[in-house]
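Here this note's numbering is used: the first residue of the sequence shown is 398, the next is one more, and so on.
Below is one structure, written out as structure tokens; comments come after it.
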Amino acid sequence: MTFHLAQVNVGRMRAAKGDAQVAGFYAELDRINALADAAPGFVWRLVGDGNDATDLRPGPDPLFLINMSTWTDADSLFDYVYRTAHTGVMAQRRDWLERFAGAYQALWWVPAGHRPTVDEALAKLWLLDRYGPSPQAFTFKARFPAPGLGGAPVDMNPDPWCVGRA
């Protein structure tokens, strides 16, 4: 069986869409999403009514946002996150997002073709937050191999300001 890498990241905006405080975040969405869509290894990303997932409401808080995607492998996702224009935008996240009180990013392996649900992704964040990295939910700092490959977790050496946990 072939596996793809799923990722989720969440955050709570500092202000509602339309507020000047978060205008830079929303101004970058189309460009960064297009960059992901064209990136080597990209498979799928969660979208709502528009070209992004910002209109989806995974919980009662209207400022809580979720982003999910799947990739053919961990290196492709890592390259997109840390070696493209995405990196510079991500470095500004504290301007737009509140500090998160737990795991805000999780990675996990899914069978190729599987589209993770929001509930599945939130459960992965809970697992990571509660138990730390494991084969079921991990980060780039402790990336586990795809099922059946065996081996120890690998530290992909992400930038220290973005390891997936607050």
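Glycine included, every Cβ here is placed at the ideal spot set by N, Cα and C.
All values reported here derive from a predicted model rather than from experimental measurement.
Which listed residue (the options) has its alpha carbon closest to that of residue i
i      : options                        : result
Asp458 : Pro508, Pro530, Arg411, Ala436 : Arg411
Thr481 : Arg496, Leu432, Gly456         : Leu432
Val515 : Arg428, Ile463, Val478, Leu426 : Ile463
Arg490 : Phe422, Ala509, Asp416         : Phe422
Beta carbon of residue i nearer than 9 Å to that of residue j
i      : j      : result
Asn430 : Tyr501 : no
Leu564 : Val507 : What the structure shows of the chain is the stretch from 398 to 563, and residue 564 is not part of that stretch, so it cannot be assessed.
Val551 : Pro544 : no
Asp449 : Asp427 : yes
For residue i, the three-state DSSP class (helix, strand or coil)
i      : result
Arg540 : strand
Leu432 : helix
Glu425 : helix
Phe475 : helix
Gln533 : coil
Leu460 : coil
Ala500 : strand
Leu522 : helix
Met553 : coil
Per-residue burial, residue i [other beta carbons within 10 Å of its own, 16 or more giving buried]
i      : result
Met571 : Past the boundaries of the shown model lies residue 571; the chain is included only from 398 to 563, so the question cannot be answered.
Ala435 : exposed
Leu522 : buried
Contacting residues, own chain, Cβ-Cβ under 7 Å from residue i (five flanking each side not counted)
i      : result
Gly529 : none
Val440 : His401, Thr467, Trp468, Thr469
Arg540 : Ala471, Leu504, Pro550, Val551, Met553
Close Cβ partners of residue i (< 6 Å) along its chain, the five nearest in sequence each way excluded
i      : result
Phe461 : Arg409
Ser473 : Pro437, Gly438
Ala518 : Val405, Met465
Cut-off 8 Å between Cβ atoms - residues of its own chain near residue i, not counting five sequence neighbours on either side
i      : result
Gln533 : Trp505, Lys521, Leu524
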